[in-house]
Amino acid sequence: MKHAIHWNLLSPFIRNALLLAGLISVGLAVWSRYGWIVLGCLVALALIVWQGTRLLMTQRRLAEQYRLVLLQKKRLRESEFRWKFAIEGSGDGLWDWNVADGTVFFSAQYKKMLGLTVDEMGNQLQEWETRVHPNDASGSLVALQSHLDGQTPVYATQYRMRCKDGSYKWILDRGMVVSRSDAGKPLRMIGTHTDISAHKEVEDKLQLAASVFTHALEGIMITDAQGVIIDVNQAFSRITGYDRQEVLGRNPHLLSSGRQGKEFYAAMWRDLQDKGSWYGEVWNRRKDGEVYAQLQNISAVRDAQGQTRQYVSLFSDITALKQHQQQLQHLAHFDALTDLPNRLLLADRLHQGMVQVRRRGQVLALAFVDLDGFKLINDRHGHEAGDHLLMTVATRMKQALREGDTLARLGGDEFVAVMLDLADEAACKPMLHRLLAAAAQPLQFGGQVLQVSASLGVTIYPQGQAQDADDIDADQLLRQADQAMYQAKLAGKNCYQFFGAD
2 MKHAIHWNLL
12 SPFIRNALLL
22 AGLISVGLAV
32 WSRYGWIVLG
42 CLVALALIVW
52 QGTRLLMTQR
62 RLAEQYRLVL
72 LQKKRLRESE
82 FRWKFAIEGS
92 GDGLWDWNVA
102 DGTVFFSAQY
112 KKMLGLTVDE
122 MGNQLQEWET
132 RVHPNDASGS
142 LVALQSHLDG
152 QTPVYATQYR
162 MRCKDGSYKW
172 ILDRGMVVSR
182 SDAGKPLRMI
192 GTHTDISAHK
202 EVEDKLQLAA
212 SVFTHALEGI
222 MITDAQGVII
232 DVNQAFSRIT
242 GYDRQEVLGR
252 NPHLLSSGRQ
262 GKEFYAAMWR
272 DLQDKGSWYG
282 EVWNRRKDGE
292 VYAQLQNISA
302 VRDAQGQTRQ
312 YVSLFSDITA
322 LKQHQQQLQH
332 LAHFDALTDL
342 PNRLLLADRL
352 HQGMVQVRRR
362 GQVLALAFVD
372 LDGFKLINDR
382 HGHEAGDHLL
392 MTVATRMKQA
402 LREGDTLARL
412 GGDEFVAVML
422 DLADEAACKP
432 MLHRLLAAAA
442 QPLQFGGQVL
452 QVSASLGVTI
462 YPQGQAQDAD
472 DIDADQLLRQ
482 ADQAMYQAKL
492 AGKNCYQFFG
502 AD
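First residue of the sequence shown: 2, per the numbering used here; consecutive thereafter.
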C-alpha cells in the first residue's frame with residue numbers, strides 16, 4: 002500500500018518515463034530473442050502494403066480508362082446517330098458494308114428510294130448487285146474495286162438502279178473505306194445513295210438543247226434583254242459569214258441590209274413586246290456584202306416574274322427559195338421562149354389599161370398579130386429554126402413599141418400588142434407600120450435567110466360615143482382584133498385591118 006501510494010504520488014511525466022524505460026527493456030529483451038523474425042514480418046508487411054497500393058492505383062487507372070472508353074463510345078454513337086440523321090434528313094440513302102463477311106446495312110431511306118419496305122431487301126451485297134442496270138453494272142464494279150484496292154481516294158459513280166415497280170432511277174453512289182487491317186485489307190466501307198433522276202433528266206435536256214444548238218441547220222442567235230448578242234451557233238456563222246467572236250457583244254443591226262425601214266423594225270419590236278414573238282421574212286446582209294433573204298422566228302424568254310431575260314432568234318437562209326419563187330412567178334406570167342408576157346399577164350395589163358384610158362379620157366389600140374409563113378419555115382428548117390425566128394421577131398416587135406406598151410405572146414406564132422395613152426385611132430398607125438416592118442425583116446440562121454411577114458387585126462377601146470360606159474370587156478376586144486386579123490389575111494397579108502372597117 003505504501004508503494005502504491007508512493008507511485009501515485011509520482012508526476013505523470015515521471016510515470017511515463019518509467020513506463021517507456023520498462024517497455025524498452027522488455028523490447029530489447031524480446032528483440033534479442035525474436036528480432037529477425039519481427040523484422041522479416043515488417044518487411045513482408047511493407048511489401049504487401051506497397052503491392053496493394055500499386056494494384057489499387059492500377060485498378061483506378063483501368064477504371065478511368067474504361068470510363069473514357071465508354072464515354073468515347075457514347076460520343077461515337079451520338080456522332081454516328083447525328084450523321085445518319087443528317088443523311089436520312091437530306092433524302093439520301095445510307096449503306097454500311099462489312100467487307101469481311103459481305104453483309105451490308107441498307108437504311109430505310111435507301112430502301113424507300115427504290116419503293117421497298119424495310120423487310121423487302123436483305124443485307125447481302127447481292128441485293129445491290131442484282132438491281133443495278135446491266136449496262137451500268139460493269140462500270141460500277143470497276144469503280145468499286147479500284148477504291149477497295151486503294152487506287153482512288155473515294156468511290157463515286159452513277160448508274161441506274163431498278164425499283165420495285167420495274168422502273169429505273171439514276172443513282173449517285175459515293176462511299177469510302179473507313180477501316181483497313183494492318184495489311185491494308187479493307188474491312189468496312191460506308192457510303193450514300195442519292196436519287197439524281199431529276200438532275201439527269203435536266204442534264205439530258207440540256208445536252209439535247211446544246212446538241213440542237215450546235216448542229217441545227219437553222220441559224221440561232223441569242224441576245225440579252227437589251228438586244229446584245231450573247232451567243233450564236235455554227236449555222237449562224239455559215240449563213241452570215243461572221244465568226245462567233247466577231248458578233249458577241251454587238252447588236253443584230255450589223256446584219257441589216259437597209260431594205261426594210263425603221264417602221265418595219267418598230268413593228269417587229271411591238272410584236273415582241275406585246276406577243277412575245279415575231280415571225281416573218283427579213284432581208285439581211287452577209288459579211289461579204291451579199292444581201293440574202295431569211296425566214297426568222299424570234300421568241301422572248303421570260304423569267305418567273307414575266308420579265309424578259311433573253312431573245313432567241315431562229316432563221317433560215319431562204320434566198321434560193323425566194324429566187325425559185327421568183328422564177329415560178331415569172332414563168333406563171335411570162336412566155337418561156339420569148340420572155341414576153343403570156344396570156345395571163347396580158348389579161349391583167351389589158352384590164353388595167355382599159356381602166357386607165359377611160360379615167361384619162363384617152364383610147365387604147367389592141368393589135369392581134371399572126372406571122373405569115375411561119376409554119377412553112379418551121380416545117381422546112383425545123384423547130385430550132387422556128388424558135389430562133391420567134392425569139393428574134395418578138396424582140397424586134399417589142400422594140401417597135403413604146404416603153405409603156407405591152408407585147409404578149411399567146412402561143413405558137415400569135416402575138417398581141419396593147420398600145421396605151423392614144424389620143425385617137427390614128428395615133429396607133431405609126432406603131433402598126435413599125436410592127437409590120439419588124440416582123441418582115443429577114444434574119445440569118447444556119448446559113449439560111451429566114452423571112453416572114455405579119456397580119457395585124459386592130460380594135461380600139463372605148464368604142465362609139467359613150468366612152469365612159471362599160472360597153473365592152475377585154476375578151477370581146479380580143480375577139481374583135483382576131484376577126485380583124487383574118488380580114489388582113491384575106492387582104493393579102495403583111496398589112497393591118499381595123500375591126501369594123503369597110
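C-beta: ideal position from N, C-alpha, C; glycine also. The structure presented is a predicted model; accordingly, all values stated were derived computationally and were not measured.
**Request:** Indicate, with yes or no, if the ligand ADP has a heavy atom lying under 8 Å from the CB of Arg-175.
**Result:** As far as ligands go, the structure on display features none, and thus does not contain the ligand ADP.
**Request:** Look up Leu-451 in the DSSP assignment and give the residues it is bridged to.
**Result:** Leu-444
**Asked** If you drop the 5 nearest sequence neighbours on each side, which residues of the same chain put their C-beta closer than 8 Å to that of Gly-228?
**Response** Asn-252, Pro-253, Tyr-312
**Asked** From this set, Gln-327, Leu-296, Glu-415, Ala-210, which residue's C-alpha is nearest Leu-376's C-alpha?
**Response** Going by the sequence as given, residue 376 is Lys instead of Leu. It is Glu-415 whose Cα lies nearest to the Cα of Lys-376.
**Prompt:** Hey, would you say Ala-440 sits closer than 9 Å to Ser-454, going by beta carbons?
**Reply:** yes
**Prompt:** Which residue or residues does DSSP assign as beta-bridge partners of Glu-282?
**Reply:** Leu-296
**Prompt:** If Ala-482 sits next to Phe-500, beta carbons under 8 Å apart, how far is it from one beta carbon to the other, in whole angstroms?
**Reply:** 6 Å
**Asked** Taking Cβ positions, are Asp-174 and Thr-195 nearer each other than 9 Å?
**Response** yes
**Nearest candidate by alpha-carbon position, reference Tyr-462, set Gln-484, Ala-366, Val-417** = Ala-366
**Request:** Would you kindly report the start and end of the unbroken alpha helix (DSSP H) that includes His-331?
**Result:** 320-334
**Candidates Arg-381, His-134, Ala-368, Ser-258, of which the one nearest Asp-289 by Cα** = Ser-258
**Item:** Per DSSP, cross-strand counterpart(s) of Ala-418
**Value:** Ala-368, Leu-408
**Request:** Given a cut-off of 9 Å, decide if Ala-427 and Val-419 are closer than it, judged by their beta-carbon atoms.
**Result:** no
**Prompt:** So, helix, strand or coil for Met-486, using DSSP?
**Reply:** helix
**Of the listed residues Trp-270, Ser-278, Thr-320, nearest to Trp-284 (C-alpha basis)** = Thr-320
**Local conformation of Lys-399 per DSSP, three classes** = helix
**Request:** Tell me, please, which residues DSSP counts as bridged to Met-190.
**Result:** Trp-98, Val-178
**Request:** Measure the alpha-carbon distance for Val-179 versus Asp-97 and round it to whole angstroms.
**Result:** 10 Å
**One or two residues paired with Pro-342 in a DSSP bridge** = Phe-335
**Asked** Identify the residues that DSSP records as bridge partners of Tyr-497: which are they?
**Response** Leu-457
**Prompt:** Pairing CB atoms from the stretch 160-170 with CB atoms from the stretch 132-142, are three or more of them under 8 Å?
**Reply:** yes
**Asked** Can you list, in chain order, the residues of its chain whose CB lies under 7 Å from that of Ala-348, leaving out five sequence neighbours each side?
**Response** Ala-475
**Request:** Just mark Met-190 as buried or exposed, buried being the case when its beta carbon has 16 or more other beta carbons within 10 Å.
**Result:** buried
**Message:** Could you give the first and the last residue of the continuous alpha helix (DSSP H) run that contains Asp-272?
**Reply:** 263-276
**Item:** Rounded separation between Arg-55 and Arg-68 - CA only
**Value:** 20 Å
**Item:** Arg-480 - partner residues in DSSP beta bridges
**Value:** Bridge partners of Arg-480: none, in fact.
**Element boundaries [beta strand (DSSP E), containing Met-162]** = 156-163
**Item:** Proximal residues to Asp-406 (C-beta, below 7 Å), its chain only, five neighbours per side dropped
**Value:** Ala-418, Val-419, Met-420, Leu-421
**Request:** Starting from the C-beta of Val-302, find all residues in its chain whose C-beta is less than 8 Å away, skip the five residues before and the five after it, and write them out in chain order.
**Result:** Thr-309, Arg-310, Gln-311, Tyr-312, Val-313
**Message:** With DSSP as the reference, identify every bridge partner of Val-233, one or two as the case may be.
**Reply:** Met-222
**Asked** Across which residues does DSSP place Ile-172 in a beta bridge pair?
**Response** Tyr-160, Asp-196
**Message:** Rounded to whole angstroms, what is the Cα-Cα separation between Ala-268 and Arg-403?
**Reply:** 41 Å
**Three or more C-beta pairs below 8 Å linking the stretch 388-395 and the stretch 442-453** = yes
**Prompt:** Roughly how far, in whole angstroms, is the beta-carbon of Gly-281 from the beta-carbon of Gln-297, given that I think they are within contact range, below 8 Å?
**Reply:** 6 Å
**Prompt:** Looking only at DSSP bridge pairs, what is Leu-351 linked to?
**Reply:** The partner list for Leu-351 (beta bridge, DSSP) is empty, contrary to what the question assumes.
**For Lys-430 and Leu-345, the rounded distance between their alpha carbons** = 26 Å
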